[in-house]
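In full-length UniProt numbering, the protein residues as written are 1 to 282. Before any comments, here is the structure.
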Amino acid sequence: MCAAPVVLNMLVNHPISDPLPHPVHILTGGAPPPASVLLRAESIGFLVCHGYGLTETGGVVVSCAWKPEWNKYPVTEKAKLKARQGVRTIGMTDVDVVDPDSGSPVKRDGSEIGEIVFKGGCVMLGYFKDPESTAKCLKKNGWFYTGDVGVMHPDSYLEIKDRSKDVIITGGENLSSVEVESVLYANPAVNEAAVVAKPDEFWGETPCAFVSLRTDVSPKPTEKEIMEYCRANLPHYMVPKTVVFKDELPKTSTGKIQKFVLREIAKEIRSSSSSLRTTSRM
């Protein structure tokens with residue numbers, strides 16, 4: 001079966017999540033899956049394969065091909081490896097991560113961030129009757145610029161860090177919303193999480209976390225406790241300065257969280273006295 005990470009999360013957090021009678025193979029994609037969700041999915045019998053591609057590339061181009069030598073690692077480490085997007089699965093296709101300004105490949109160290117690019121027969125010819133949009137993403141050198149931000153590991157496995165439009169710039173630091181979300185998903189009280197930029201007069205932008213909590217958890221964590229959890233697991237500049245609890249996060253028909261809706265809500269938040277349940281700046 002196939003399911004977006006948010007659907008996987010719904011399955012593993014369902015009140016009836018008994019182990020499956022037999023292993024079920026599942027392909028996930030559409031958003032970077034948190035390692036904690038993959039870990040819980042496999043604990044009940046799902047065998048998850050992570051794929052990555054776009055409409056412009058005709059579907060999945062990259063998948064996280066499993067290496068036999070990874071079997072010796074602890075389950076938590078295996079989940080982190082499986083959360084990576086992986087290596088190309090289609091012939092006559094190139095995949096790279098480059099500096100968006102110079103076009104030069106970034107270091108294959110798993111930490112230097114760049115834009116993910118594709119080249120080859122899988123890439124579209126262009127957008128129908130939209131030469132301006134085509135020119136923005138299809139360069140003269142043949143590379144298709146995806147708008148996704150990622151890193152390349154030493155073993156040439158790709159890992160998405162964020163959409164370029166979802167990167168939060170706070171005090172001059174580029175912050176990956178996906179990394180913050182992965183930490184939030186690891187909290188046993190959290191059902192869903194999404195992090196977006198909230199405008200700030202001093203910092204420019206600050207991370208704002210929208211969180212839905214598991215219904216079977218009691219007592220419910222407070223905003224302060226959520227931030228303290230993040231503070232224990234993230235650099236200080238990545239800790240959400242605002243936390244908003246919601247019963248359910250807005251989603252598309254395919255289950256993707258609608259961050260553009262959350263960004264509009266974040267813009268409207270002025271202080272902890274807002275009608276939304278939020279924290280004040282810490």
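Think of the CB as a built atom: it goes at the ideal place given N, C-alpha and C, for glycine as much as any other residue.
Among the options, the one whose alpha carbon lies nearest that of residue i
{"i": "V60", "options": "M238, E205, Q85", "result": "Q85"}
{"i": "S111", "options": "G121, T57, V98", "result": "V98"}
{"i": "K241", "options": "S102, A209, L262, L249", "result": "A209"}
{"i": "H153", "options": "V87, P15, A3, K136", "result": "V87"}
{"i": "V149", "options": "G103, L138, I116", "result": "I116"}
{"i": "R214", "options": "L184, I90, K267, H22", "result": "L184"}
{"i": "P21", "options": "F46, C2, H14", "result": "F46"}
{"i": "D166", "options": "R263, G103, P250, V239", "result": "R263"}
{"i": "V243", "options": "T222, P235, L234", "result": "T222"}
{"i": "residue 294", "options": "M124, F245, A266", "result": "Any question about residue 294 goes unanswered here, given that the chain covers just 1 to 282."}
{"i": "I269", "options": "V48, D200, S156, L234", "result": "D200"}
{"i": "V75", "options": "A232, L38, M1", "result": "L38"}
{"i": "T93", "options": "G58, R108, V12", "result": "G58"}
{"i": "E56", "options": "L138, K267, M1, W70", "result": "L138"}
{"i": "K246", "options": "Y237, M238, I265, F260", "result": "I265"}
{"i": "M96", "options": "V151, H14, G53", "result": "In the sequence on display, residue 96 carries Asp and not Met. Answer by Cα proximity: V151."}
{"i": "S102", "options": "N13, N141, W70", "result": "N141"}
{"i": "P105", "options": "K136, S17, L158", "result": "L158"}
{"i": "I26", "options": "V48, L54, Y73", "result": "V48"}
{"i": "K259", "options": "K136, P131, R163, W70", "result": "R163"}
{"i": "L249", "options": "V261, V239, M238", "result": "V261"}
{"i": "P23", "options": "I16, M1, N13, H14", "result": "M1"}
{"i": "P219", "options": "M238, T89, G91, A189", "result": "A189"}
{"i": "I90", "options": "Y52, P19, P15, K136", "result": "Y52"}
Cβ separation of residue i and residue j, assumed to be a contact under 8 angstroms, to the nearest whole Å
{"i": "Y229", "j": "N187", "result": "5 angstroms"}
{"i": "S176", "j": "K198", "result": "Actually they do not touch by this definition, with Cβ atoms about 16 angstroms apart."}
{"i": "V195", "j": "V217", "result": "At roughly 20 angstroms, the Cβ-Cβ gap does not stay under 8 angstroms, so V195 and V217 are not in contact."}
{"i": "residue 294", "j": "T134", "result": "No answer is possible for residue 294: the residues shown for the chain start at 1 and end at 282."}
{"i": "T146", "j": "F118", "result": "7 angstroms"}
{"i": "A193", "j": "V211", "result": "5 angstroms"}
{"i": "S182", "j": "R108", "result": "With a Cβ gap of about 22 angstroms, S182 and R108 do not count as contacting."}
{"i": "A3", "j": "H50", "result": "Between H50 and A3 the Cβ distance is about 11 angstroms, and since that is not below 8 angstroms, they are no contact."}
{"i": "G114", "j": "P100", "result": "7 angstroms"}
Identity of the residues DSSP links to residue i by a beta bridge
{"i": "L27", "result": "C2, C49"}
{"i": "C208", "result": "V196, T242"}
{"i": "T170", "result": "E173"}
{"i": "F144", "result": "F118, L138"}
{"i": "T55", "result": "None; T55 has no bridge partner."}
{"i": "V149", "result": "E115, D162"}
{"i": "V62", "result": "Y52, R88"}
{"i": "L213", "result": "V190"}
{"i": "P105", "result": "V98"}
{"i": "K251", "result": "I257"}
Terminal residues of the alpha helix (DSSP H) in which residue i lies
{"i": "T76", "result": "75-82"}
{"i": "E228", "result": "223-233"}
{"i": "K267", "result": "259-268"}
{"i": "R40", "result": "35-43"}
Terminal residues of the beta strand (DSSP E) in which residue i lies
{"i": "R163", "result": "158-163"}
{"i": "V97", "result": "93-98"}
Does the structure place the stretch 37-52 close enough to the stretch 77-94 that three or more beta carbon pairs sit under 8 angstroms?
yes
State whether the stretch 194-205 contacts the stretch 163-171, with contact taken as three or more CB pairs (one from each stretch) at a distance under 8 angstroms.
Contact between the stretch 194-205 and the stretch 163-171 is present, because at least three Cβ pairs lie under 8 angstroms.
Touch check for the stretch 24-33 and the stretch 64-72: three-plus C-beta pairs under 8 angstroms?
no
Three or more C-beta pairs closer than 8 angstroms, one from the stretch 3-23 and one from the stretch 255-265: is that the case here?
yes
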